[in-house]
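**Student:** One structure is given below, represented as structure tokens, and several questions about it will come after.
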DNA sequence: AACTCGGGGCA
DNA sequence: TGCCCAGAGTT
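Residue numbers (full-length UniProt numbering): 1 to 214.
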């Protein structure tokens, strides 16, 4: 028997009141620009790796000006320890140049301008808005997408729709906590490949677990 | 809608 | 050691 949405949501919110381990899911940064770079670097890779590379990078460079002067190849050499480094180097150098040319050297503070930067899609833009400018947004990455769908907090194969459903369902003051929890839960428990349903506190509320025959 | 970029983690 | 994982751009 499927529980209703409010009941599920309230149960998750109860859990948020408890202590749950804070994993390395945060991108460290000292400036909006550093967060932007870290977030572009983070596509398809883990935050732990990205934090290491970003920290090294920003010992040597820190402004859009510094990065705009680099050649993509030069930058690529410095970020080889993470994947997709040629693309990411081009994105970062080009984004830096656009920031200088079109945005007065400042990282844009709104969604549509952020999307004009190469390497910045809806997930990256949302992460920057929340992390650098405390603007309410709900970055839907694969963890948020998978967990929300499995649990039944959302139901769609389109990220945009999942984002809308979650924002409708969850009170705005809880967006940050819920987002953090969904990512934590997706990484540690509700994993893509072999989810640890047996230790999941939400299994009795979970569509995926019910369907599995748990 | 499918393909590409790429290294790190884990079976 | 080969398969799986994590976004954005291009064709």
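Every residue gets a Cβ at the ideal spot worked out from N, C-alpha and C, and that includes glycine. Note that the structure is a prediction, hence the values are computed from the model and not measured.
CB-CB under 6 Å to residue 50, same chain, minus the five flanking residues each way: which ones, in chain order?
**Tutor:** For the purposes of this step, residue 50 is taken as the residue at position 50 of the first chain. Counting only Cβ-Cβ distances below 6 Å, and skipping sequence neighbours, we find 38, 41, 42.
**Student:** Are the beta-carbon atoms of residue 116 and residue 102 separated by less than 9 Å?
**Tutor:** Counted from its first residue, the first chain places residue 116 at position 116. Counted from its first residue, the first chain places residue 102 at position 102. Contact flag set, yes.
**Student:** Start and end of the alpha helix (DSSP H) containing residue 179?
**Tutor:** Translated into the one-based positions of the first chain, residue 179 becomes position 179. Note, residue 179: alpha helix (DSSP H), 175–188.
**Student:** If we count the other Cβ atoms within 10 Å of its Cβ and call it buried at 16 or more, is residue 112 buried or exposed?
**Tutor:** Here residue 112 corresponds to residue number 112 of the first chain, with the count starting at 1. It counts as exposed.
**Student:** Nearest CA to the CA of residue 182: which residue from 164, 194, 142?
**Tutor:** For the purposes of this step, residue 182 is taken as residue 182 along the first chain, with counting starting at 1. Considering only alpha carbons, the answer is 142.
**Student:** Can you have a look at residue 170 and say buried or exposed, based on whether 16 or more other CB atoms are within 10 angstroms of its CB?
**Tutor:** Within the first chain, numbered from 1, the residue matching residue 170 stands at position 170. The residue is buried, with at least 16 neighbouring Cβ atoms inside 10 Å.
**Student:** Could you give the first and the last residue of the continuous alpha helix (DSSP H) run that contains residue 133?
**Tutor:** Numbered from 1 along the first chain, position 133 holds the residue referred to as residue 133. Start and end: 122–133.
**Student:** Quick check on residue 48: buried or exposed, where buried means 16 or more other Cβ atoms within 10 Å of its Cβ?
**Tutor:** Against the first chain, residue 48 aligns to sequence position 48. Exposed, since its Cβ has fewer than 16 Cβ neighbours within 10 Å.
**Student:** Grouping DSSP H, G and I as helix and E and B as strand, with all else coil, what is residue 73?
**Tutor:** The residue given as residue 73 occupies position 73 in the first chain. Helix at residue 73.
**Student:** Compute the Euclidean distance between the alpha carbons of residue 65 and residue 97, then round it to the nearest angstrom.
**Tutor:** As a first step, residue 65 must be located in the first chain, where it is residue number 65. As a first step, residue 97 must be located in the first chain, where it is residue number 97. If I take the Cα positions, the gap works out to 8 Å.
**Student:** Rounded to whole angstroms, what is the Cα-Cα separation between residue 71 and residue 107?
**Tutor:** Walking along the first chain from the start, residue 71 turns up at place 71. Walking along the first chain from the start, residue 107 turns up at place 107. For residue 71 and residue 107, the distance between alpha carbons rounds to 20 Å.
**Student:** Using 10 angstroms around the beta-carbon of residue 68, count the other beta-carbons present and answer buried if the total reaches 16, otherwise exposed.
**Tutor:** Here residue 68 corresponds to residue number 68 of the first chain, with the count starting at 1. For residue 68, the number of other beta carbons within 10 angstroms of its own is at least 16, and it is reported as buried.
**Student:** For the alpha helix (DSSP H) that residue 146 lies in, which residues bound it at each end?
**Tutor:** The residue given as residue 146 occupies position 146 in the first chain. First-last of the alpha helix (DSSP H) with residue 146: 142–151.
**Student:** Would you decide whether residue 34 is buried or exposed? Buried here means 16 or more other CB atoms lie within 10 Å of its CB.
**Tutor:** Indexing the first chain from 1 puts residue 34 at position 34. So residue 34 counts as buried.
**Student:** Reducing DSSP to helix, strand and coil, say where residue 68 ends up.
**Tutor:** For the purposes of this step, residue 68 is taken as the residue at position 68 of the first chain. Here residue 68 sits in helix by DSSP.
**Student:** Quick check on residue 107: does DSSP put it in helix, strand or coil?
**Tutor:** Walking along the first chain from the start, residue 107 turns up at place 107. If DSSP states are grouped into helix, strand and coil, residue 107 belongs with coil.
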